[in-house]
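Comments concern the structure below.
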Amino acid sequence: MKKLVLIGEAADAIRDAVGPSVDAVIANGMDEAVAAAWIAADPGDVVLLSPACASFDMFKGYAHRGEVFQAAVGKVTKRKRRTR
Numbered sequence: 001m002k003k004l005v006l007i008g009e010a011a012d013a014i015r016d017a018v019g020p021s022v023d024a025v026i027a028n029g030m031d032e033a034v035a036a037a038w039i040a041a042d043p044g045d046v047v048l049l050s051p052a053c054a055s056f057d058m059f060k061g062y063a064h065r066g067e068v069f070q071a072a073v074g075k076v077t078k079r080k081r082r083t084r
């Protein structure tokens with residue numbers, strides 16, 4: 001794993017749990033999280049949405065979370081790749 005991008009109310013606890021050996025950042029929402037992952041990714045890398053906790057504080061359910069993720073990916077892939 002190259003980078004862990006966290007969102008939601010459990011983000012701080014997850015970052016603390018994984019410790020300093022993992023490059024973890026906290027994003028303010030899905031758009032920011034996907035943008036951070038896009039910048040960190042190299043061509044050929046996989047960016048994976050892997051929910052670790054319930055996210056009813058941000059989404060209506062798992063389907064809504066997936067739709068928001070897909071929309072965020074659509075936004076960043078339309079832009080020219082930025083360098084780190």
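Numbering (the numbering used here), first residue to last: 1 to 84. By construction, the Cβ of each residue, glycine as well, lies at the ideal position given by its N, Cα and C atoms.
(message) Short of 7 Å in beta carbon distance, which residues of its chain neighbour Met30, apart from the five on each side in sequence? Order them along the chain.
(response) Listed in chain order, the non-local C-beta contacts of Met30 below 7 Å within the same chain comprise Ile7, Val68, Phe69 and Ala72, local neighbours out to five positions each way being set aside.
(message) Assuming contact is defined by CB atoms lying nearer than 8 Å, are Val25 and Ala36 in contact in what I supplied?
(response) yes
(request) Give me the Cα-Cα distance between Ala63 and Trp38, rounded to the nearest whole angstrom. (result) Distance between the alpha carbons of Ala63 and Trp38: 22 Å.
(message) Are the CB atoms of Lys78 and Ala40 within a distance shorter than 8 Å?
(response) no
(request) Taking only the alpha-carbon atoms, compute the straight-line gap between Asp23 and Asp42 and give it to the nearest angstrom. (result) Taken atom to atom, the span from the alpha-carbon of Asp23 to that of Asp42 is near 16 Å.
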